[in-house]
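What follows is a single structure, written as structure tokens, with notes after it.
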Amino acid sequence: MARDNSLMDAIVALCKRRGFVFQSSEIYGGFSGLWDYGPLGVELKRNIKETWWRDMITTHDELDQPEGAPRRFQMVGIESSVIMHPRVWKTSGHYDLFHDEMVDCRETNKRYRYDHVKGRWVTHEGRRLFVTTVGGDDLQAALQERALRFFGLKNKYADKLEWDGEIVDLPTVRDHTEVLGPDAKELGSLTEPREFNLMFETHVGAMRNDDNKAFLRPETAQGMFVNFKNVVDSNRVKVPFGIAQQGKSFRNEITPRNFTFRSREFEQMEMEFFCHPEESFKWYTYWRDRRFKWYTDLGIDASKLILRDHEQDELSHYSVGTADVEYAFPFCEKGEFGELEGIAHRGDFDLRSHMEGKLVREGDELVVEKDAEGNPKYPGSGKDLTFFDDETKDRFVPHVIEPAAGADRTVLAFICNAYHEESITNEKGKEEMRVVMKFHPRIAPYKVGVFPLLKNKPELVAKAREVCNLLRPHMAVFYDEGGAIGRRYRRQDEAGTPYGVTIDFDTLGENGDESKDTITLRDRDTMEQKRVKISELATILHEKIDFKHWAQ
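Going left to right, the sequence shown walks through residues 958 to 1509 as the numbering used here numbers them.
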């Protein structure tokens, strides 16, 4: 599947036109890497988050044996603060390790993420240089254009360029003196790479100095680790159990890109599952498989979804196993996927760190990092974060399995997956293109659209309002009385509304008592229509939308 920019452009345009996603602060020219959710987008996102929460927490019954799970378990939720004690991030390793490398261009004053700059060696009349670019649909074409411009050649002389090797990342080039920066005209304008911490700094209190410096959290996970003991003591949960959380996180990305896929403010849906070390690999397998199935159960095309186990050199320093759920977004190159969710086996790294101090790897072991005097460089809390099993009399530091999903990336994946263009024959017998968002009914922003056939017939409007009031206590309803009925159907197709209800003259009994108090129920995907009694409408929609997963 090749990168499809035209499809991605169409999806972005629809998101703006229909009110799914807007550029943040758009009337002031926008703010890069930040996005606002419109009326449809916020409903879609809330539905996805609620579906995740109910699947992970609310509908979980610890009295039932979960299929594939080693044993019964409990699930609880928390909501931790966005700003936490600075030592949390020093102990966890984020303060030292949570960074990207960047390079600056002294000529253009532009900044680039080091590993995003790509290039290739090229020679002309004995002069050899490494020409670079950032992104683009056709990297070789972009590199050729830059090389021709540097050497002062016209396009027709492109065959005079001698290319050496394949396109590679800039970090493979040690000497920057022969590098032509992505937007530069002269060689050697790129600086050496330097670390750029991705955490947003802030200050707590009236003074602005290092003593009261704090950070906006770059992840929600640490809020669950530091509350481990509080949850155990207050809720009497026993290992194995999970703590889940949804909330905002912030990362000062150097180059946010690909619409909402990589942004500076985003929302996470994370769960930390605490288990006995001897059972941890079984639980890792259980959660890896269960989380992958969650996406396919909600309609994600399985052919565009993969579950990829990390290679050894990809694993974090604390991880003993990680798998990513990845989706083939339209902006991905052929054969590439974008990460939706990571399921990580974190061992006992996190709880041990917050007990003892920041851990670093020495050989095959994780040990507390020491300063020159031999003291912990970033000491832990000193609190006992072990778990005592009063049945087995065993005390241990639990291992952790972490399914961590990005809510915004998940929303984007469902939007891309739902987008369809279809050629249909309209009510006038003419061919037209229908854009339809085929969301699973459980996550669709609106479950049903209600339409009076004509807005200038008060009796039709009154009946339509009555049907709205009948359905609204049970589900999200959109009422629309403007324009031709076919046009209204198309608008709701673009919004992803799975069902449409039309109130017509049969509803009023003008064509006989047999059809009185019935409506036309239209299916979004098949466009099939059938008559349904108003008294049975709510029950029918409940069954179609699968409301067993929703509060009623």
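Note that CB positions come from ideal geometry on N, CA and C, so glycine has one too.
Please read these numbers as outputs of a predicted model, since none were measured by experiment.
Across the set Ala1401, Thr1464 and Ser1472, the C-alpha of Ala1401 shows the shortest separation from the C-alpha of Glu1000. When the five nearest sequence neighbours on each side are left out, the beta carbons in the same chain lying within less than 7 Å of the beta carbon of Glu1229 are those of Ala1178, Met1181, Phe1182, Gly1199, Ile1200, Val1357 and Glu1359, in order along the chain. Looking from the CA of Asp1116, the closest CA among Arg1219, Leu1105 and Phe1462 belongs to Leu1105. The closest CA to that of His1017, considering only Lys1261, Phe1030, Asp1190 and Met1312, is found on Phe1030. Boundaries of the alpha helix (DSSP H) around Ala1104: Leu1096 to Phe1108. Contact between Leu1255 and His1397 holds: their C-beta atoms lie close to 5 Å from each other, under 8 Å.
The shortest C-alpha to C-alpha distance from Gly1109 to any of Val1130, Ile1476, Lys1205 and Lys1142 is the one to Lys1142. For Lys1291, there is no enclosing alpha helix (DSSP H), since its DSSP letter is neither H nor E.
Taking a cut-off of 8 Å on C-beta distances, the region 1323-1339 does not touch the region 1378-1393, as fewer than three cross pairs fall below it. For the options Glu1082, Pro1234 and Tyr994, the alpha carbon positioned closest to that of Tyr1114 is the one of Glu1082. Residue environment: His1160 is assigned as exposed (fewer than 16 neighbouring CB atoms within 10 Å of its CB, all protein chains considered). For Glu1152, the enclosing beta strand (DSSP E) begins and ends at Arg1151 to Asn1154. For Gly1204, the pairing in a beta bridge is given by DSSP as Gln1225. Here DSSP, grouped into helix, strand and coil, assigns Pro1336 to strand. Residue state for Val1196 is assigned as coil, using DSSP reduced to three classes.
Its chain contains Ala1280 and Ile1300 as the residues whose beta carbon lies nearer than 6 Å to that of Arg1245, once the 5 sequence neighbours on both sides are disregarded; these appear in chain order. Taking C-beta atoms as the reference points, Asn1112 and Phe1157 fail to come closer than 8 Å.
Contact annotation: Thr1253 and Leu1264 have beta-carbon atoms that are not nearer than 8 Å. By the 16-neighbour rule on beta-carbons within 10 angstroms, Leu1054 is exposed. Taking all protein chains shown into account, Tyr1241 has 16 or more neighbouring C-beta atoms within 10 Å of its C-beta and is therefore buried. A distance below 7 Å between beta-carbons, with the five flanking residues on each side excluded, links Phe1294 to the following residues of its chain, in chain order: Ile1263, Glu1283, Tyr1284 and Ala1285. Annotated as proximal: Ile1460 and Pro1409, with beta-carbon spacing under 8 Å.
For Glu1123 and Gly1076, the gap between their C-alpha atoms comes out near 8 Å. For the pair Gly1439 and Lys1420, the CB atoms are not nearer than the 8 Å cut-off. Of Asp1503, Glu1379, Tyr1243 and Met1164, the smallest CA-CA separation from Lys1404 is found for Asp1503.
Straight-line measurement puts the Cα of Trp1120 at about 48 Å from the Cα of Asp1307. Rounded to the nearest angstrom, the gap between the Cα atoms of Gln980 and Pro1197 is 42 Å.
Partner residues in a beta bridge of Glu1176, as assigned by DSSP, do not exist. If you check the CB distance, Val1088 and Leu1137 come in under 8 Å. Within the DSSP bridge table, the entry for Arg1084 names His1081 as partners. Scanning Leu1100, Arg1063 and Asn1066 for the CA closest to the CA of Val1079 turns up Leu1100. DSSP places Ala1441 outside any beta strand (DSSP E), giving it a letter other than H or E. Between the region 1232-1239 and the region 1203-1219 there are fewer than three inter-stretch CB-CB distances shorter than 8 Å, so the stretches are not counted as touching. Comparing C-alpha distances from Pro1150 to each of His1431, Gly1204, Tyr1071 and Phe1462 shows the shortest one belongs to Tyr1071.
In the DSSP secondary-structure assignment, Asp1266 is bridged to Ala1280. The residues Leu1427, Leu1428 and His1431, in chain order, have a CB closer than 8 Å to that of Ala1495 in the same chain once the five nearest residues on each side in sequence are set aside.
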